[in-house]
Every structure is written in C-alpha cells, then in structure tokens.
Amino acid sequence: MHTRWQRPGRGPAFLVRPLRHGDVRTVMGVFKRLGEQSRRARFNGPKPCLRFSELRQLATVDATHHALVAYVEGDPQPAAIARLVRDGRSAEVAFAVADEYQRRGIGSALTAELLADARAAGITEITALVSSDNSAAVALLRRVLRSLDIRHEGPELMIRARASEAQRPALRHLNALMHLNATERPR
Ligand SMILES: CC(C)(COP(=O)(O)OP(=O)(O)OC[C@H]1O[C@@H](n2cnc3c(N)ncnc32)[C@H](O)[C@@H]1OP(=O)(O)O)[C@@H](O)C(=O)NCCC(=O)NCCS
C-alpha cells in the first residue's frame, strides 16, 4: 500500500504507512507508548521490555511479514502498528494502539487497511491468537472481519475468519494530502 491519510468517524486523522524492513525504532516507538496492561494484552503475557532479537523480528518486513504504522496528525511519534505474518494463503495478525489513542477507531481503521493489503496479496484466511480476556481485540476483529470462528486454546482464543469477509476500509482516503504531509513524517 501507499502512504495515505485516514480519518475515522470518532477519532483524529492519521497517516498510514508501511513499516520499512529493519525499522526497529518505529516498533520501539509504539511499544514505549503501551502501558503494562496493553503490553500484556499484545503479547499474551507480561512484556516489560523487548529484547533486541524480538525487536528485530517485529521489524522484519519481507515476503511473509508485513506491517502498517499509524501517525496521528500533529504527533511525530508512531501511534499504532498492525502486522501480519503470512503462512501460505493464511495470515496471523496482531495490532497495538498507544494507550492515549485507544477507543478512537484507530485500531479498527489500521487493521482494516492491513486486511485490505492481505486480500490484495491473495490471503484468504485471517487468524489471531488473543488472550481470552481481551475483549477489545475481539471487538476489533469482529468489527473488521464480521464473522469470527472463535476457539478456546487454554487461556487464549484462536480466532479465524475468511479474509473475504473483511470490511473494506470505509474511511475517507485523503490521498490529496499524501504528498504534502508524507515528507514531514519521521522516517
Ligand atoms: C485492541 C486494541 C488494538 C484496540 O484498538 P482501538 O484503537 O482502541 O480500537 P477501536 O477504537 O478501533 O475499537 C474497536 C472495538 O474495540 C472496542 N474496544 C476498544 N477498547 C476496548 C476496551 N478497553 N474494552 C472493551 N472494548 C474495547 C471498541 O468499543 C470497538 O468495538 P465496537 O466496534 O463494538 O464499537 C487496543 O486496545 C490495544 O492496543 N490493546 C493492546 C494490544 C492488544 O491487545 N492487541 C491485540 C492482541 S494482538
């Protein structure tokens, strides 16, 4: 996908761009903005810090790893990240929104963009492994994927859905602003 602006109905405008391979600084930038609870929810367990090997893995972009980053208008630091790891026609997704920007539609909008990329790349099934008490993640996936197959796997939920069921990003694409603003964003 190209860099572009989004404006969710209930939240601030934000710019979406693909993560560049090896961009550990951006991955760390989002991680730093997650509180203890959000880190635990994102990684399905305690995660006070990221080892460099984990950071490098999270910043990998290649034929099977893809990630999108969101920047809220007027804020130079990354606000959210959503990534997928492809396995054939299936892809596992994960996402995180900085605590201060949660519940404003950014997670849904960014994940919808990621799913659009997944569909465009021929992915037909989306999976996610989330903690069974992570109602925010389940609500987000229900919103963007509609029909979910949810199975308990110990303390976690294995969620599957058809990528074709995904809601198309229905947000306003402010492509006209793209070139104007993209150059002002941090690398
Ligand atoms: C999960 C997460 C990404 C949601 O992002 P967000 O930007 O707050 O989500 P949105 O504002 O787009 O809301 C999506 C849905 O989740 C619901 N939601 C958001 N936060 C919630 C919360 N704390 N409790 C319950 N529901 C919540 C919203 O009401 C909305 O539901 P709706 O479609 O029925 O109205 C965010 O809470 C987060 O970063 N959590 C920590 C990381 C994580 O849990 N990642 C998922 C595992 S990979």
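Read in the working numbering, the sequence shown has 147 at position 33, and its numbers run on one by one without any break. Beta carbons are placed, not taken as given, at the ideal position from N, Cα and C, and that holds for glycine.
Does the Cβ-Cβ distance between V130 and A184 come in under 7 Å? Between V130 and A184, the C-beta spacing is below 7 Å.
DSSP state of D302, grouped into three classes? Outside the shown range of the chain, which is 115 to 301, sits residue 302, and nothing can be said about it.
Compare the Cα-Cα distances from L229 to each of R260, R265, S246, H135 and report the closest residue. R260 is the residue among R260, R265, S246, H135 whose C-alpha sits nearest the C-alpha of L229.
By the 10 Å Cβ neighbour count, where 16 or more other Cβ atoms means buried, how is G219 classified, buried or exposed? So G219 ends up on the buried side.
DSSP three-state label for D201, please. Residue state, collapsed to three classes: strand.
Hey, would you say the C-beta of V141 is under 6 Å away from at least one heavy atom of ligand 2? Within the structure as shown, ligand 2 is missing, the only ligands being ligand 1.
V130: first and last residue of the uninterrupted beta strand (DSSP E) it sits in: Per DSSP, the continuous beta strand (DSSP E) segment holding V130 begins and ends at 128 to 132.
Distance check for G123 and L262, CA to CA, integer angstroms please. Rounded to whole angstroms, L262 to G123 spans 24 Å at the Cα level.
Are D213 and G159 closer than 7 Å when you measure CB to CB? Against a cut-off of 7 Å, the Cβ pair of G159 and D213 comes out as no contact.
If I follow the unbroken beta strand (DSSP E) through R139, where does it start and stop? Judged by DSSP secondary structure, R139 falls outside any beta strand (DSSP E) and instead within the alpha helix (DSSP H) spanning 138 to 146.
Where DSSP assigns a beta bridge to T241, which residues make up the other side? According to DSSP, which records beta bridges pairwise, T241 is partnered with E206, R274.
contact_flag[the region 240 to 258, the region 270 to 278] where n(CB pairs < 8 Å) is 3 or more: They touch, by the three-pair rule.
Quick one: does the C-beta of L254 sit closer than 6 Å to a heavy atom of ligand 1? Yes - ligand 1 has a heavy atom lying nearer than 6 Å to the Cβ of L254.
Provide the residue(s) that pair with I264 in DSSP beta bridges, ordered along the chain. Answer by DSSP bridge pairing, in chain order: I273.
Is F209 a contact residue of ligand 1, with contact defined as CB to any heavy atom under 6 Å? In this structure, F209 has its CB closer than 6 Å to one or more heavy atoms of ligand 1.
Under 6 Å: does the beta carbon of A155 sit that close to some heavy atom of ligand 1? Yes, since a heavy atom of ligand 1 falls inside the 6 Å radius drawn around the Cβ of A155.
Can you grab the Cα-Cα spacing for the pair R197 / G188, in whole Å? So the two alpha carbons sit approximately 24 Å from each other.
Are three or more beta carbon pairs between the region 233 to 249 and the region 161 to 172 nearer than 8 Å? Result no; under three Cβ-Cβ pairs closer than 8 Å.
What are the residues that DSSP puts in a beta bridge with Q120? DSSP, once it has assigned bridges, lists F128 as partnering Q120.
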